[in-house]
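Participant: Per UniProt numbering, the very first residue in the sequence shown carries number 1; after that it's consecutive.
Got a structure here, written out as structure tokens. Questions coming.
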Amino acid sequence: MDGPDVNAEVRKLSARLLPESDQLGAAMAERIRAEIPVYDAGDTVSHDELVASCVVNTRYILGNLAGDVTATETPTETGTVRAEQGVPYAVVLQAFRVGSRFIWEVLVERADPEDRDLLLLAAADIWAVSDQLAADVTDAYRRSMADRARRDGQMRAVLVGSLLDGDADATAYVGETAGMLDLGRASEYVVVSAESPAPGAEGLADVERVLRRTNVRSAWRLDHDHQEGVVALRLGFGVEHLVELLRGLARARVGVSDVVSRLDEVQEARRQARVACAAVSPGTVDVGRFGSDPLAVLLASSPDQARALVDAVLAPVLALPPDDRAVVIDTARAWLAAGGSTSTAARELHVHRNTVRYRVRRLEEVTGRDLARPVDAAELYVALECVRILGLA
Numbered sequence: 001m002d003g004p005d006v007n008a009e010v011r012k013l014s015a016r017l018l019p020e021s022d023q024l025g026a027a028m029a030e031r032i033r034a035e036i037p038v039y040d041a042g043d044t045v046s047h048d049e050l051v052a053s054c055v056v057n058t059r060y061i062l063g064n065l066a067g068d069v070t071a072t073e074t075p076t077e078t079g080t081v082r083a084e085q086g087v088p089y090a091v092v093l094q095a096f097r098v099g100s101r102f103i104w105e106v107l108v109e110r111a112d113p114e115d116r117d118l119l120l121l122a123a124a125d126i127w128a129v130s131d132q133l134a135a136d137v138t139d140a141y142r143r144s145m146a147d148r149a150r151r152d153g154q155m156r157a158v159l160v161g162s163l164l165d166g167d168a169d170a171t172a173y174v175g176e177t178a179g180m181l182d183l184g185r186a187s188e189y190v191v192v193s194a195e196s197p198a199p200g201a202e203g204l205a206d207v208e209r210v211l212r213r214t215n216v217r218s219a220w221r222l223d224h225d226h227q228e229g230v231v232a233l234r235l236g237f238g239v240e241h242l243v244e245l246l247r248g249l250a251r252a253r254v255g256v257s258d259v260v261s262r263l264d265e266v267q268e269a270r271r272q273a274r275v276a277c278a279a280v281s282p283g284t285v286d287v288g289r290f291g292s293d294p295l296a297v298l299l300a301s302s303p304d305q306a307r308a309l310v311d312a313v314l315a316p317v318l319a320l321p322p323d324d325r326a327v328v329i330d331t332a333r334a335w336l337a338a339g340g341s342t343s344t345a346a347r348e349l350h351v352h353r354n355t356v357r358y359r360v361r362r363l364e365e366v367t368g369r370d371l372a373r374p375v376d377a378a379e380l381y382v383a384l385e386c387v388r389i390l391g392l393a
């Protein structure tokens, strides 16, 4: 590789410093350890490994500046190794910035006084070498991460989690993250949140493989109580198709977000999916879409307020003996679903319509509501939705 076209005095200074690369690399490592705790601990990257990589980096920068191409071993292996070691990308990049600043300070310090102005004029060329180094290491790091993600399910889960949880490093490079997760360049994404039927169990059995069979790409993670994933929709397979497929796989409640057009919007989509999941009746197996039932979504997003509403409207009903409570609540739901028709509710409940009238009157007496008044009937309906969502009856 040809070196950059830098000032002759800078070349001479760099060539003079090049034989000192071992000592300068060790000093650079000390600077990095002093500024970055991950490297100072020596647990993930040993001190000897850090010194070795700093020596290579020093030779790379000084060799390029000196025009000594025989001394410019490209240190891309550092990026590969750091990715395999699990060092966060932001930490790797910070170390290279510290190292580049160290080299610049050495050049300024060791330059002859009359050459320092020339050094300042050549600063852009000097930093271009450092930037190229960082770019090469970044490419190697991301290639290694992509390889790991493809072969390592746990690594994929970490990347998915960094997107869903809003990790700054992942969301700053959503394109690269999408590539690592093989999500392609879709224009529509949704987030799915499935409740685990048992701790650590999948709420959607083998969902990634099933979606792949329909040429739909997705990436998932599983934690203690939820299985969550990002799904890249495609032409001919929209959110309605996805919901239908998920219903066939679901083992518990599932929520699906609104469609978003960019991966940097999936944090909000994840919140929507969680709320949509919570809006499905506890203990049932079904798929809920965010926005398909606005009232249920509103109540599920504010469980404390939902509980307060239940206490205000239905506390006397919930205080009844279990059998009586179930009869009153089932009758209220059937009567409201029938639009206040006693005969329709009676057929639904398989009882005489006079029995329904009696139960409705009892409900009014217990709650102090007059269900002939639309406001009172609406309060009762909302309170019953709160009871359903909270799993109280």
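For every residue, glycine included, the Cβ atom is placed at its ideal position computed from N, Cα and C.
A quick note: this is a predicted structure, and the numbers were derived from the prediction, not measured.
Are D165 and P199 touching if we call contact CB-CB under 8 Å?
Facilitator: Their beta carbons are not under 8 Å apart, which means D165 does not touch P199 by this criterion.
Participant: Counting C-beta neighbours from all protein chains within 10 Å, is the total for D195 16 or more, i.e. buried, or is it exposed?
Facilitator: The question names Asp, but residue 195 in the sequence shown is Glu. Buried: at least 16 other Cβ atoms inside 10 Å.
Participant: Output the distance between the C-alpha atoms of E84 and D147, rounded to the nearest integer angstrom.
Facilitator: Taking the straight line from one Cα to the other gives about 10 Å.
Participant: From G86, A134 and S14, pick the residue whose C-alpha is nearest to that of D112; which is it?
Facilitator: Ranking G86, A134 and S14 by Cα distance to D112 puts S14 first.
Participant: Check this for me: beta carbons of L349 and V356, under 8 Å apart or not?
Facilitator: Result yes, Cβ atoms of L349 and V356 sit closer than 8 Å.
Participant: Taking the straight line between their C-alpha atoms, what separation do you get for Y358 and T214?
Facilitator: Rounded to the nearest angstrom, the two C-alpha atoms are 54 Å apart.
Participant: Nearest to V351 by alpha carbon, out of V366, G339, A134 and A334?
Facilitator: For the residues V366, G339, A134 and A334, the minimum Cα distance to V351 belongs to A334.
Participant: Which of helix, strand or coil does DSSP assign to R388?
Facilitator: Helix.
Participant: Where does G79 sit, in a helix, a strand or coil, going by DSSP?
Facilitator: DSSP places G79 in helix when its eight states are reduced to three.
Participant: Would you call the stretch 322-332 in contact with the stretch 274-281, where contact means no fewer than 3 C-beta pairs closer than 8 Å?
Facilitator: Because the criterion of three Cβ pairs below 8 Å is not met, the stretch 322-332 and the stretch 274-281 do not touch.
Participant: Which ranges does the alpha helix (DSSP H) cover as unbroken runs of at least 4 residues, wholly within the UniProt domain "PucR C-terminal helix-turn-helix" (329-385), from first to last along the chain?
Facilitator: As far as the UniProt domain "PucR C-terminal helix-turn-helix" (329-385) is concerned, its whole alpha helix (DSSP H) runs of at least 4 residues are 342-349 and 353-367.
Participant: CA-CA distance, A315 and R388?
Facilitator: Each residue's alpha carbon lies about 14 Å from the other.
Participant: List the DSSP bridge partners of E195.
Facilitator: According to DSSP, which records beta bridges pairwise, E195 is partnered with H226.
Participant: Here's the rule I'm using: 16 or more other beta-carbon atoms within 10 Å means buried, otherwise exposed. How should Q272 be labelled?
Facilitator: By the 10 Å Cβ count, Q272 comes out buried.
Participant: Based on DSSP bridge pairs, tell me the residues matched to S218.
Facilitator: According to DSSP, which records beta bridges pairwise, S218 is partnered with V231.
Participant: Can you tell me which of the three DSSP states A26 falls into?
Facilitator: Helix.
Participant: For A250, which three-state DSSP category applies?
Facilitator: The answer is strand: DSSP assigns A250 an E or B state.
Participant: Can you list the alpha helix (DSSP H) stretches of 4 or more residues lying completely in the stretch 250-337, in chain order?
Facilitator: Runs of the alpha helix (DSSP H) inside the stretch 250-337: 266-278, 294-300, 303-318 and 322-337.
Participant: DSSP three-state label for V10, please.
Facilitator: In the structure shown, V10 sits in a helix (DSSP, three-state: H, G or I).
Participant: On the CB-based measure, 16 or more other CB atoms within 10 Å of its CB, does A269 come out buried or exposed?
Facilitator: So A269 ends up on the buried side.
Participant: Quick check on the burial criterion: 16 or more other C-beta atoms within 10 angstroms. Buried or exposed for E105?
Facilitator: Label assigned to E105: exposed.
Participant: Let me check understanding here. Comparing Cα to Cα, which of G288, A219 and S100 lies closest to P126?
Facilitator: According to the sequence displayed, residue 126 carries Ile and not Pro. If we check each option's Cα against that of I126, S100 comes out closest.
Participant: Please report the Cβ distance between F290 and G238, rounded to the nearest whole angstrom; I am assuming they are in contact, meaning their Cβ atoms lie under 8 Å.
Facilitator: The Cβ separation is near 15 Å, so there is no contact.
Participant: Measure from the alpha carbon of A134 to the alpha carbon of each residue in E77, R262, Q154 and D117, then state which is nearest.
Facilitator: It is E77 whose Cα lies nearest to the Cα of A134.
Participant: If we ignore side chains and look at the alpha-carbon of each, how far apart do L384 and S193 end up?
Facilitator: Their backbone Cα atoms lie some 25 Å apart in a straight line.
Participant: Measure the C-alpha to C-alpha separation of L246 and L263 and round it to an integer number of angstroms.
Facilitator: Approximately 21 Å, taken between the alpha carbons.
Participant: Just to confirm, is the Cβ distance from V51 to A29 under 8 Å?
Facilitator: Yes, the pair counts as a contact, with Cβ atoms nearer than the cut-off.
Participant: So for L133, helix, strand or coil by DSSP?
Facilitator: If DSSP states are grouped into helix, strand and coil, L133 belongs with the helices.
Participant: In terms of DSSP beta bridges, what is residue 396 paired with?
Facilitator: Because the chain in this structure spans residues 1 to 393, residue 396 falls outside the shown range and cannot be described.
Participant: Cα-Cα, which of R251, V310, Y89 and D223 is closest to V287?
Facilitator: With distances taken between Cα atoms, V287 lies closest to R251.
Participant: Could you check if R373 is buried or exposed, using at least 16 other CB atoms within 10 Å of its CB as the buried criterion?
Facilitator: With fewer than 16 other Cβ atoms within 10 Å, it is exposed.
Participant: So, using beta-carbon positions, are E379 and V310 closer together than 8 Å?
Facilitator: Not a contact, by the Cβ cut-off of 8 Å.
Participant: For D68 and S130, I'd like the C-alpha separation in whole angstroms.
Facilitator: Using only the alpha carbons, I get a separation of about 16 Å.
Participant: With a threshold of 6 Å on Cβ separation, who are the neighbours of I32 within its own chain once the five nearest residues in sequence on each side are excluded?
Facilitator: Here the set comprises Y39, A95 and V98.
Participant: What is the DSSP secondary structure of L181, reduced to helix, strand or coil?
Facilitator: Here L181 sits in coil by DSSP.
Participant: Our contact map puts Q227 next to G248 with C-beta atoms below 8 Å; I'd like the distance itself, whole angstroms only.
Facilitator: Actually they do not touch by this definition, with Cβ atoms about 16 Å apart.
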